[in-house]
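To start, the structure under review is shown below, and the notes come after it.
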Amino acid sequence: MIELRSTLTCPHCGYRKTETMPVDACQYFYECEGCGTLLKPTSGDCCVFCSYGDVACPPVQEAGHRGRSCCAH
-9 MIELRSTLTC
1 PHCGYRKTET
11 MPVDACQYFY
21 ECEGCGTLLK
31 PTSGDCCVFC
41 SYGDVACPPV
51 QEAGHRGRSC
61 CAH
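With the numbering used here as the guide, the letters of the sequence shown map in order to residues -9 to 63.
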């Protein structure tokens, strides 16, 4: 079963917020509500949920592992 909610943790201030992930697109930018930092995916990740979330994005969940870009094809 695909999980649609992920808790993002800001690497700058530690602020955490649970968000609903889009199922039809990667979310490349996310503004932290704690410190205002604009988060972008780290190298090798397709979206902010794969980099900073506790649950990978739906396409990566379907593929069965983190680290695989869902946007490459």
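Just so you know, even glycine gets a beta-carbon here, dropped at the ideal spot from N, CA and C.
Once the 5 residues before and after residue i are set aside, which same chain residues still bring their CB inside 8 Å of it?
i	result
Cys0	Arg6, Cys22, Gly24, Cys25, Thr27, Leu29 and Tyr42
Leaving aside the five residues before and after residue i along the sequence, list all residues of the same chain whose C-beta is less than 7 Å from its C-beta, in chain order.
i	result
Tyr40	With the sequence shown as reference, residue 40 is identified as Cys, and Tyr is not the correct amino acid for it. Excluding positions up to five away in sequence, the list reads Pro31, Ala46, Cys47, Val50 and Arg56.
Tyr20	Leu(-2), Leu29 and Val38
With a threshold of 6 Å on Cβ separation, who are the neighbours of residue i within its own chain once the five nearest residues in sequence on each side are excluded?
i	result
Thr10	Leu(-6) and Arg(-5)
Val13	Pro48
Cys3	Gly24 and Cys25
Could you tell me the distance, in whole angstroms, from the CA atom of residue i to the CA atom of residue j?
i	j	result
Tyr18	Met(-9)	24 Å
Thr(-3)	Asp44	6 Å
Thr8	Ala53	22 Å
Around the C-beta of residue i, are 16 or more other C-beta atoms found within 10 angstroms, so that it is buried, or is it exposed?
i	result
Val38	buried
Where in the region -4 to 58 do unbroken runs of the alpha helix (DSSP H), each at least 4 residues long, occur, reported from the N-terminal end onward?
-> Those alpha helix (DSSP H) runs which fall completely within the region -4 to 58 and span 4+ residues are 38 to 42 and 48 to 53.
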